[in-house]
Structure formats: C-alpha cells, structure tokens
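Structure, as structure tokens:
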Amino acid sequence: MRRDVETTFLRWAFLRALFHRGYVLVSGLYFVVAAHLSAFQLVALGATVAVTLLLSDVPTGVWSDTISRKWPLVTGHLFLGAGMLMTGVVTAFPLILITQVFWGLGWGFSSGADVAWVTDEFDQIDRIDRVLAARARWELVGGATGMVGFGLLGWATGLAAAIVVAGMAMGLLGLGVAIWFREQNFIPTHEPRWTASLSIFHRGLKLARNDDEILLMLAATMIINGACMTAWLFPKQLINLGFPGNTVLWYTALGILSAAFGALSLHIVEAHIDGAGVARRVYALTCFVGVLGLVVLGYAPSALVGSVGVLLVSGITFNITRTVSVIWVNRRTTSDVRTTVHSFLGQAESSGEIVGGVALALFAHVAGIPATLMFSAALIALTGVIVARSGADHGPAAATQAGPTG
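Counting along the sequence shown from 1, when you hit position 28 you're at 34 in our numbering, and nothing is skipped either side.
Written as structure tokens, this is what we have:
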C-alpha cells in the first residue's frame, strides 16, 4: 500500500512538472513574440501570480484540512489547466492577466495539499522525508523533459498550440488525480465547516507561532525567495558576458543542465535527509554554495564561467533550500493542520518574491547587475549563517507529534 502511494505520488510529480515547465518555457517566448508584452507588463504578470498566491494560500489550505486533501488538488489542476489553455488563445494584456490569476489560484489550491496527502496516506513518518526529497528530484527530471518536449512541440506546431496542449494535459492530469489518489487516512471534520475552518486556522497559526523551527523556516524562506528574484537578471548578465548568438537555445540548454545538477544533488540529499541535524547542515551549506555561485556570476570573465555560477545557484541552492524547507516544516506539523501550516510557508515564499522583486529591481536600476547579485548573495549568506547557528533540527522525531484529523 505504501509503495503504491509513493509510486503514484512520484509519477504524478513528474507529469505535473513536465507540463508546468513546458508551459513556462513556451509561454515565456509567447508573451514576447506573439503578445509583444513590455518589460513592465512581464513583471506585472509575475506580480499578479505572487499576489494571487499570497491571498489564496491560507484559505485553500484551511479548506484542505477541513474537507479533503485530494479534491483541492483536483481543483488546483483544473484552474492550472484553464489558465494555461486560455493563455494560448489570447494576446491582449488584460486577458493574459486573467489567465495568470487562474494560474495563481491553481497553485494556491495545490500548495501544501500534495504534501499533506502523501504524508497521511504513506503513513510512515520515518521515511516521508525521503519521499519528499525524491518528489523534488522527479520534478526536476520532469521539468527538463517538459522543456525539451514542449520546446520541440512549440517549434513544430507554433507556440500557441504548444501552450494549449500543455493546458489540456494539466487538466487531464487533474482528472487522473481524482482517479488515482486514494484518500483513506483523512477524516473530514463533522463540525459546521465555517466553525471548523476557523478552529483549524487558529490551531495552525498557534503551532507556527509557537514552534521556533517553523518560524526559522518561514523567515529563511522569505529571505531566500526574495533573493531568488535576482534570477530574472541571469539572462541579462550572461548576455553582457558574451552569451552565444542563439540565446534561446543556449539558455534552454543551461536550464536543462541546471535541472540535472539539482536532481543529482537531491539524490545525495535524499539518502541522508532523515538524520538528526542533516536538514540544518544541508540548508546552510547550500546557502553558501549559492553565495559562491552569485559571486562567480557577478565577476565572471566570460559567459562560460558565468554559466557555472548559474548552475550553482539555480541548480543546487534554489532547489535544495526549497525542498529542505518543505521537509523541515512537515516534520514539525501535526496532521490536523498540515496543509494550513504549509500554506504559511507558501505565503512566506510569495511575500519574499513580492518584496524581493521590488527591492532588487530598484537596486539594479541604481547600482547595476553585478552589485545587485552581490546584494542577493549577502542576503543568502545571512540566511545560511542564521540557520547554521540556530542549533535547530533534531531529525524526523519532531514530526511524530500527533493531532486529530477531524
């Protein structure tokens, strides 16, 4: 039974990442080539998604803890599919904004519900960390596959057609979740739903506020995600360093190579993550790897050397810190409020992206790209020092704390 849950979860993670990353690659080109969006409009799309996530994460998380973990996932896929499909048939900026609201709502419904579902149904707390690490690894493999597959599809059939296919596939995957994801260990509440929802929200908030390790991860996630917004500057910096003429081809190849680096790193982490103190050491170490990568990119003598910096930051640091934060918070969370607490982590991500995006954009305008990369490196270094000196993380035993599921 546990093996079936793990296999289903990992296959689903692979497919969702395949459709997601394929769509992101093709739509990024579509927004520029077909919709002719300006730089301001492109940033506005990202801000729209972030604000939608910020507003929807907690309500959808509470709903997941109140009624079901499976059905919010299904709903999320349908929103994602609808937003993706609509993107391929519109070019007017206001309509594209609406598609990104759907896209954000889709991730809002899915955020945390997937982790809560597999944690409950797998029902083996001493091994769930490895399953979540494997999920992140398979997402990277699926993402690389999606970039190749949908890149070729977009070249052969046109960008709009590839986007529509990705949207239809994501919607069908949601129907697959409805069929394949069995929900046997979750017991919905028997209280009136509004009363139960408020109670779950307050219990989740109390747990997050009173647990120093959860607070540590919320703060670290906000800072890291803010610093991660500097990734928008990577293509510009590489071009300044003399990136080859066919920028799209080479940057796609770099994205695939980054996914390969991340998958390899996560494979190593997966084998050791359930040890006491490992999550803290891995998180801090990968922060310092990211600092090194940003320094290399900022002062690289050539695009080739700069690409090594991108691999360190995008391939290793951004992927591993995200995965470890999910694992760490999941250890500290009880079943009755699991999705709600994970939604706080999602809010920390969105808040960091909004604040960091604005701050780094202003900093880059005033000081230039290399200085902005160094500023981002300083933020990541600070986060690594805080986590390393915290003395937190006593291993998976913290997650054995139980709570009512209904």
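For glycine and all other residues, C-beta sits at the position ideal for the given N, C-alpha and C.
The alpha helix (DSSP H) enclosing residue i, as first and last residue numbers
i, result
"TYR289", "284–304"
"GLN106", "99–116"
"HIS371", "344–373"
"ILE333", "324–337"
"ILE131", "Neither: ILE131 is in no alpha helix (DSSP H) and is coded neither H nor E."
"TRP200", "199–216"
"ALA172", "165–186"
"VAL314", "309–316"
"PHE85", "76–93"
"ASN246", "240–246"
Residue i burial status per 10 Å Cβ neighbour count (16 or more: buried)
i, result
"ARG188", "exposed"
"ALA405", "Model confidence at ALA405 stands at a pLDDT of 44, short of 50, so the residue's coordinates are unreliable and nothing is read from them."
"THR13", "exposed"
"ALA242", "Correcting the residue type first, residue 242 is Lys in the shown sequence and not Ala. With fewer than 16 Cβ atoms within 10 Å of its Cβ, LYS242 is classed as exposed."
"GLY412", "Unreliable positioning characterises GLY412 in this predicted model, as indicated by a pLDDT of 36, which lies under 50. The coordinate reading is nonetheless provided below. Exposed."
"ARG395", "exposed"
"LEU101", "exposed"
"VAL297", "buried"
"ILE274", "exposed"
"LEU21", "buried"
"GLY283", "exposed"
"PHE108", "buried"
"ARG344", "buried"
"GLY248", "exposed"
"ILE185", "exposed"
"SER203", "buried"
"VAL319", "buried"
"TYR414", "With the chain covering only 7 through 412, there is no way to say anything about residue 414."
"TRP161", "exposed"
"SER349", "buried"
"ARG215", "exposed"
"GLY321", "buried"
"ALA370", "buried"
"THR236", "buried"
"ASP218", "exposed"
"ALA408", "Reliability of the predicted coordinates at ALA408 is poor, the pLDDT of 43 falling under 50, and no value is obtained from them."
"HIS26", "buried"
"SER271", "buried"
Best match in the options for proximity to residue i [C-alpha to C-alpha]
i, options, result
"TRP144", "THR389, VAL347, LEU221 and ALA269", "ALA269"
"THR163", "THR258, TYR36 and PHE350", "TYR36"
"SER382", "GLY110, VAL302 and THR151", "VAL302"
"TRP226", "LEU86, GLN353 and TYR29", "According to the sequence shown, residue 226 is Ala rather than Trp. Of LEU86, GLN353 and TYR29, the residue nearest in Cα terms is GLN353."
"LEU138", "TRP109, VAL330 and PHE85", "VAL330"
"THR378", "ALA50, LEU239, GLY149 and GLY248", "LEU239"
"ARG136", "GLY390, ILE392, ASN336 and VAL391", "ASN336"
"TRP18", "LEU60, HIS83, ASP63 and ALA56", "HIS83"
"ALA266", "MET153, ILE185 and LEU91", "MET153"
"ALA119", "ASP342, GLY304 and SER357", "ASP342"
"TRP123", "HIS208, PHE156 and TRP77", "TRP77"
"PHE192", "GLU127, TRP256, ARG141 and PHE15", "GLU127"
"GLY232", "ASP218, LEU366 and GLY374", "LEU366"
"ILE245", "CYS234, TYR257 and MET235", "TYR257"
"ALA23", "ILE392, LEU179 and THR97", "LEU179"
"LEU59", "GLU276, GLY110 and ILE169", "GLY110"
"SER117", "VAL332, GLN190 and ARG133", "VAL332"
"VAL11", "ALA50, VAL39 and VAL121", "VAL121"
"VAL39", "ALA384, PRO307, THR97 and VAL68", "THR97"
"GLY52", "HIS26, PHE115, SER74 and GLU359", "GLU359"
"GLY362", "ASP63, SER271, LEU385 and ILE169", "LEU385"
"LEU181", "LEU79, ARG209, PHE46 and ALA140", "LEU79"
"VAL391", "GLY94, ARG328 and VAL295", "VAL295"
"VAL57", "THR81, GLN106 and LEU16", "GLN106"
"GLY155", "VAL32, ALA237, GLY397 and ILE375", "VAL32"
"LEU61", "HIS42, TRP113, GLY28 and GLY89", "TRP113"
"PRO194", "ARG75, THR389, LEU16 and ALA398", "ARG75"
"ARG328", "ALA309, GLU355, GLY312 and ARG338", "GLU355"
"ALA285", "MET176, SER44 and VAL393", "VAL393"
Rounded Cβ spacing between residue i and residue j (contact assumed at less than 8 Å)
i, j, result
"VAL171", "LEU159", "7 Å"
"LEU317", "LEU263", "6 Å"
"THR72", "ILE229", "At roughly 31 Å, the Cβ-Cβ gap does not stay under 8 Å, so THR72 and ILE229 are not in contact."
"TRP334", "MET223", "5 Å"
"LEU291", "GLY315", "Wrong, their Cβ atoms sit about 17 Å apart, outside the cutoff."
"VAL64", "THR346", "7 Å"
"THR340", "LEU213", "7 Å"
Check: residue i C-beta below 7 Å from any heavy atom of the ligand ZN
i, result
"GLY173", "For the structure depicted, the ligand ZN is absent and the ligand set is empty, with no information on it obtainable."
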